[in-house]
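Those protein sequences? They're chains A and B, same order as listed. Here the first sequence is numbered in my numbering, starting from 63 and rising by one per residue. Here the second sequence is numbered in my numbering, starting from 63 and rising by one per residue. The beta-carbon is built from N, C-alpha and C at its ideal position, and this holds for glycine as well. Note that the structure is predicted; figures quoted are calculated from it, not measured. Notes for the one structure printed next.
2 protein chains.
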Amino acid sequence: MASGTESWILMATGRTPTNIAVIKYWGKRDEALILPVNDSISVTLDPDHLSATTTVAVSPTFDRDRMWLNGKEIPLSGDRFQSCLREIRKLADDVEDEKKGIRIRKDDWQKLHVHIASYNNFPTAAGLASSAAGLACFVFTLAKLMNVKEDCGKLSSIARQGSGSACRSMYGGFVKWTMGKDACGSDSIAVQLASESHWNDLVIIIAVVSSKQKETSSTTGMRDSVETSPLLQHRAQTVVPGRILQMEEAIRNRDFASFARLTCADSNQFHAVCLDTSPPIFYMNDTSHRIISLVERWNRSEGTPQAAYTFDAGPNAVLIAPNRKSAGLLLQRLLFCFPPPADNELTSYVIGDKSILHEAGLQSMKDVEALPPPPVSKDKYPSQKFPGKVSYFICTRLGSGPRVLTDESLALLSPTTGLPK
Amino acid sequence: MASGTESWILMATGRTPTNIAVIKYWGKRDEALILPVNDSISVTLDPDHLSATTTVAVSPTFDRDRMWLNGKEIPLSGDRFQSCLREIRKLADDVEDEKKGIRIRKDDWQKLHVHIASYNNFPTAAGLASSAAGLACFVFTLAKLMNVKEDCGKLSSIARQGSGSACRSMYGGFVKWTMGKDACGSDSIAVQLASESHWNDLVIIIAVVSSKQKETSSTTGMRDSVETSPLLQHRAQTVVPGRILQMEEAIRNRDFASFARLTCADSNQFHAVCLDTSPPIFYMNDTSHRIISLVERWNRSEGTPQAAYTFDAGPNAVLIAPNRKSAGLLLQRLLFCFPPPADNELTSYVIGDKSILHEAGLQSMKDVEALPPPPVSKDKYPSQKFPGKVSYFICTRLGSGPRVLTDESLALLSPTTGLPK
Chain A
63 MASGTESWIL MATGRTPTNI AVIKYWGKRD EALILPVNDS ISVTLDPDHL SATTTVAVSP
123 TFDRDRMWLN GKEIPLSGDR FQSCLREIRK LADDVEDEKK GIRIRKDDWQ KLHVHIASYN
183 NFPTAAGLAS SAAGLACFVF TLAKLMNVKE DCGKLSSIAR QGSGSACRSM YGGFVKWTMG
243 KDACGSDSIA VQLASESHWN DLVIIIAVVS SKQKETSSTT GMRDSVETSP LLQHRAQTVV
303 PGRILQMEEA IRNRDFASFA RLTCADSNQF HAVCLDTSPP IFYMNDTSHR IISLVERWNR
363 SEGTPQAAYT FDAGPNAVLI APNRKSAGLL LQRLLFCFPP PADNELTSYV IGDKSILHEA
423 GLQSMKDVEA LPPPPVSKDK YPSQKFPGKV SYFICTRLGS GPRVLTDESL ALLSPTTGLP
483 K
Chain B
63 MASGTESWIL MATGRTPTNI AVIKYWGKRD EALILPVNDS ISVTLDPDHL SATTTVAVSP
123 TFDRDRMWLN GKEIPLSGDR FQSCLREIRK LADDVEDEKK GIRIRKDDWQ KLHVHIASYN
183 NFPTAAGLAS SAAGLACFVF TLAKLMNVKE DCGKLSSIAR QGSGSACRSM YGGFVKWTMG
243 KDACGSDSIA VQLASESHWN DLVIIIAVVS SKQKETSSTT GMRDSVETSP LLQHRAQTVV
303 PGRILQMEEA IRNRDFASFA RLTCADSNQF HAVCLDTSPP IFYMNDTSHR IISLVERWNR
363 SEGTPQAAYT FDAGPNAVLI APNRKSAGLL LQRLLFCFPP PADNELTSYV IGDKSILHEA
423 GLQSMKDVEA LPPPPVSKDK YPSQKFPGKV SYFICTRLGS GPRVLTDESL ALLSPTTGLP
483 K
């Protein structure tokens, strides 16, 4: 099977970003192949702040496929991992590592077992599309190790079978997942609309919202919506196609006003379909609603969108500002309404790209406490404060697609044992 | 103009119930005439617990039309009051009160002024369709005083022009507001589907939910939805017509399972359309969501609906149980999760038909504190307690339509001054 000693270990490590949809994916037309009922569009987030890193190792000494997530072994038996693994093995090619004297032939991959270790650089439980980044990284890194020659489009269709939105994590910048027409799903792939450098002013602030409620998984929720919501098919067939075209144009023209209007409207419509499901699904809570009101009031008072919001299957808000100045003003408003609970350090409450804090003129908690309330507009809602309702903020930006980490010190598995370091 | 002395006062007093829609009205096709985009169906609530009482007085000594609501004078200049007043005056007929020696001819009504006093036997601010009961009572009582001969259908079309859902308060029991086709609105009237005695087992429990948020008025919200929600027209044209037929059948057959499923689904879809509006409208809050979850979990665990819920343009829940036994069990579950804040008397926390408390075996706060948590089902959500999140509960039932109060001691205006007592 392989030349030289039979105790070698070959490894590859990859890093893959998360993404957040601005035109939402909600509903499958094929549960097994994960084929969606409509196209979706996402932005890829900076992997420095939100990404999955995965190391895959192969060795003739491994007696079974094994996986560790964030240091803890998890079963690999699930359909989703298995179908990705099977698809990648089919495409595997000859690998030769002259330096290590390792040679694996195409057909060997069917018999060789792998060890996989994955790590998210953000809390998995925070509901920040960890499965999208994780599955994309799983597929991307396996493909690298197994010398798969196919392009990102093909890999995206494999990642899709692991977790639908994972296919959009195969590229940086702005990504479209085309639903496709083929019953086998061959044309249900992700394509890049524009790289992150096309529109690099955008700033993203994520509010991780405290929640005690256990949430409906998106897999279950989506299935319930398809089966019971009388509005879902109308959304998928009549509303989304037009929005996809408008969103592509807004991205092409860097038209923030249109981008923001479409992003907010589509987030709200996705949650409307959730509410129209039986039993109804509530992903947003009162804090989510207050964040929306804060942005809507600001946008109305300025007459043109200053920021966009979007919410996935959970209460966390992903806010998008057109530039650093607007992001600074947005962060001021957010911190006025959602200050950290007492005795919290500002630097652990606002994480990620901390330069936005400087942009907002905020160096310490004293500066936060001194923030004036946002100007009250005609509707005369006084701005209330809700300390503790947001767990923390992550400041970030658009980011690049998957990449191989060649620095071996970043590998998550030991090169000698093939077990987590 | 009138025979005898010129200082006489003639009065009439009426009482009109509130109603709660089970298939919702949301969206007008004509703002001025208040013509809806779809039919709706409501149940009329017992006027003993939730109703408006209105006294209308006429006298040649009155120099202008005046109105008092809950003891406070309010301007009558609004379009809605004015159009109702104008329409009723057009239909006014000769009135003769031989005992008092008063004779008013048809044409006199155009010149005579009225005093109107109205009172709601429930908090106006609680968001319990006070305008529906109020406008219906305004029209009904004016019509009685002015000896209007037209039937309730005609009166309902006048009340509709004051406040859309007011037309449904013109009957007891189960009421349908047919949207009509006529551009002038002549066929947009309410009809009774069945009287309250047709299905008199139903018990209604209203949870008045505490809220600090100022809500979007239904007039504004509805207009925004018509203008911006891509889902509203689909709901109105494609979803509601079928639901109306199914709901009529469920009512005809006293089929609680279908009645409950349709009621819950339609409430959720109305709120979904609100969320699909730009800017989005949130009427329900976390407490509303928790009440829905409580009912949904119970229904699922029993395999068949035990209770229905519906929410209007606010966070209050209107819960419908098929009979007193189920209502008692529902009240137990509600009080377990939403106990009164400390030092509250049970008798001021659960008002209306207190016999439901006895049905639930609850005599005092001690009994409430001793309630066991509802059995935990497979999904293993522990039942949490949220004291203070509900302001109070009102237990009631279906009720009858408007009626004249002949007991003069119940009049809200003095028979000698024509001013509030």
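Pair within 7 Å by beta-carbon distance, residue i and residue j
{"i": "Thr78 (chain B)", "j": "Ala198 (chain B)", "result": "yes"}
{"i": "Ala195 (chain A)", "j": "Thr80 (chain A)", "result": "yes"}
{"i": "Val84 (chain A)", "j": "Thr366 (chain A)", "result": "no"}
{"i": "Asp155 (chain B)", "j": "Asn209 (chain B)", "result": "yes"}
{"i": "Ala74 (chain A)", "j": "Lys206 (chain A)", "result": "yes"}
{"i": "Phe455 (chain A)", "j": "Ile267 (chain A)", "result": "yes"}
{"i": "Gly376 (chain B)", "j": "Asp108 (chain B)", "result": "no"}
{"i": "Gln394 (chain A)", "j": "Leu356 (chain A)", "result": "no"}
{"i": "Thr116 (chain B)", "j": "Gly76 (chain B)", "result": "yes"}
{"i": "Arg230 (chain B)", "j": "Ser104 (chain B)", "result": "yes"}
{"i": "Val120 (chain A)", "j": "Leu72 (chain A)", "result": "yes"}
{"i": "Ile96 (chain A)", "j": "Gln223 (chain A)", "result": "yes"}
{"i": "Ser227 (chain A)", "j": "Tyr87 (chain A)", "result": "yes"}
{"i": "Asp415 (chain A)", "j": "Thr372 (chain A)", "result": "no"}
{"i": "Met241 (chain B)", "j": "Ser218 (chain B)", "result": "no"}
{"i": "Leu204 (chain B)", "j": "Val288 (chain B)", "result": "no"}
{"i": "Asn347 (chain B)", "j": "Asp338 (chain A)", "result": "no"}
{"i": "Ser225 (chain B)", "j": "Ser193 (chain B)", "result": "yes"}
{"i": "Val430 (chain B)", "j": "Leu472 (chain B)", "result": "no"}
{"i": "Ile343 (chain B)", "j": "Thr300 (chain B)", "result": "no"}
Within chain A, partners of residue i - CB distance below 8 Å
{"i": "Ser340 (chain B)", "result": "Arg323, Cys326, Ala327 and Asn330"}
{"i": "Ile178 (chain B)", "result": "Within 8 Å Cβ-Cβ: nothing; Ile178 (chain B) doesn't reach chain A, min ~30 Å."}
Interface residues of chain A facing residue i [CB-CB closer than 7 Å]
{"i": "Asn347 (chain B)", "result": "Asp348"}
{"i": "Val210 (chain B)", "result": "Chain A residues near Val210 (chain B): none, gap ~40 Å exceeds 7 Å."}
{"i": "His296 (chain B)", "result": "Leu293 and His296"}
{"i": "Leu337 (chain B)", "result": "Asn330, His333, Ala334 and Leu337"}
{"i": "Val380 (chain B)", "result": "Result: empty, since nearest Cβ-Cβ is about 16 Å, beyond 7 Å."}
Environment of residue i [buried if 16+ CB atoms lie within 10 Å]
{"i": "Gly463 (chain B)", "result": "buried"}
{"i": "His420 (chain A)", "result": "exposed"}
{"i": "Thr478 (chain B)", "result": "exposed"}
{"i": "Gly390 (chain B)", "result": "buried"}
{"i": "Asp469 (chain B)", "result": "exposed"}
{"i": "Leu481 (chain B)", "result": "exposed"}
{"i": "Arg489 (chain B)", "result": "This structure does not reach residue 489 (chain B), given that chain B is present from 63 up to 483, and the question cannot be answered."}
{"i": "Leu474 (chain A)", "result": "buried"}
{"i": "Asp374 (chain A)", "result": "buried"}
{"i": "Pro98 (chain A)", "result": "buried"}
{"i": "Arg148 (chain B)", "result": "exposed"}
{"i": "Phe448 (chain B)", "result": "exposed"}
{"i": "Ser388 (chain A)", "result": "buried"}
{"i": "Lys451 (chain A)", "result": "buried"}
Where residue i meets chain B, residues with beta-carbon distance less than 9 Å
{"i": "Phe400 (chain A)", "result": "Per Cβ cutoff of 9 Å: no residues; Phe400 (chain A) is ~16 Å from chain B at best."}
Residues that residue i contacts on chain B, provided the C-beta gap is smaller than 7 Å
{"i": "Val99 (chain A)", "result": "Within 7 Å Cβ-Cβ: nothing; Val99 (chain A) doesn't reach chain B, min ~15 Å."}
{"i": "Val301 (chain A)", "result": "Pro292"}
Closer than 9 Å at the beta carbon, the chain A residues around residue i
{"i": "Phe373 (chain B)", "result": "Those within 9 Å of Phe373 (chain B) in chain A number zero; the least Cβ separation is about 11 Å."}
{"i": "Phe344 (chain B)", "result": "Met346, Asp348, His351, Ile354 and Ser355"}
CB contact check: residue i to chain E, cutoff 7 Å
{"i": "Val99 (chain A)", "result": "Among the protein chains in the structure shown, which are A and B, there is no chain E."}
heavy atom of the ligand ZN below 6 Å from residue i C-beta
{"i": "Asp374 (chain B)", "result": "Looking at this structure, you won't find the ligand ZN or any other ligand, since it has none at all."}
Closer than 8 Å, Cβ to Cβ, to anything on chain B: give me those residues from the region 315-332 of chain A, in chain order.
-> Arg323, Cys326, Ala327, Asn330 and Gln331
Whole alpha helix (DSSP H) elements within the region 97-162 of chain B, 4-residue minimum = 141-153
Of all the beta strand (DSSP E) runs that stay within the bounds of the region 391-427 of chain A, which reach a length of 3 or more residues?
-> 412-414
At a Cβ cut of 9 Å, what residues of the region 138-167 of chain B count as close to chain A, listed as they run along the chain?
-> none
Return the residues of the region 347-370 of chain A that lie within a Cβ-Cβ distance of less than 7 Å from chain B, sorted by chain order.
-> Asn347, Asp348, His351, Ile354 and Glu358
What beta strand (DSSP E) runs, 3 residues minimum, are completely inside the region 166-202 of chain B?
-> 175-182
Can you list the alpha helix (DSSP H) stretches of 4 or more residues lying completely in the region 306-369 of chain A, in chain order?
-> 318-337 and 348-364
3-residue-minimum beta strand (DSSP E) runs that sit fully inside the region 258-291 of chain A, ordered along the chain | 265-271
Could you pull out every unbroken beta strand (DSSP E) segment of at least 3 residues lying fully inside the region 451-477 of chain A, listed in chain order?
-> 452-459
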